[in-house]
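**Student:**
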Amino acid sequence: SGVYESKECHSGEKDVNHAVLAVGYGVEDGKDHWIVKNSWGTKWGMDGFFQIARGSNMCGLADCASYPIVV
């Protein structure tokens, strides 16, 4: 499928070295995934986006998660 999963991709706060933006989620071929915008431009991945496995902290995606608080 087009959902990225890897045993080689480390997770842990000390391993996080790149910022991305999760913009949505979905299911493809029975696999839950995040839809993520990368910062490398539209010529990379799927017009600048990729899908990564959801629910397993793949590549440390959840280790440094943040969200805005609008006041």
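Residues 1 to 71 (full-length UniProt numbering) make up the sequence shown, in order. Just so you know, even glycine gets a beta-carbon here, dropped at the ideal spot from N, CA and C. Values in this document were obtained by computation on a predicted structure and should not be read as measured data.
1. Can you tell me whether Cys59 is buried or exposed, with buried defined as 16 or more other CB within 10 angstroms of its CB?
2. Compute the Euclidean distance between the alpha carbons of Glu13 and Asp63, then round it to the nearest angstrom.
3. What's the call for Val70, buried or exposed, on a 16-neighbour Cβ count within 10 Å?
4. Counting C-beta neighbours from all protein chains within 10 Å, is the total for Leu21 16 or more, i.e. buried, or is it exposed?
5. I'd like the span of the beta strand (DSSP E) that includes Tyr25, first residue to last.
**Tutor:** Put simply:
1. Indexing the sequence shown from 1 puts residue 59 at position 59. Using a 10 angstroms sphere on the CB of Cys59, the tally of other CB atoms reaches 16 or more, which defines it as buried.
2. The residue labelled residue 13 in the question sits at position 13 within the sequence shown. The residue labelled residue 63 in the question sits at position 63 within the sequence shown. Cα to Cα, Glu13 sits roughly 5 Å from Asp63.
3. In the sequence shown, counting from the first residue as 1, residue 70 sits at position 70. By the 10 Å Cβ count, Val70 comes out exposed.
4. Numbered from 1 along the sequence shown, position 21 holds the residue referred to as residue 21. That one is exposed.
5. For the purposes of this step, residue 25 is identified with residue 25 of the sequence shown, where counting begins at 1. Per DSSP, Tyr25 belongs to the beta strand (DSSP E) from Leu21 to Glu28.
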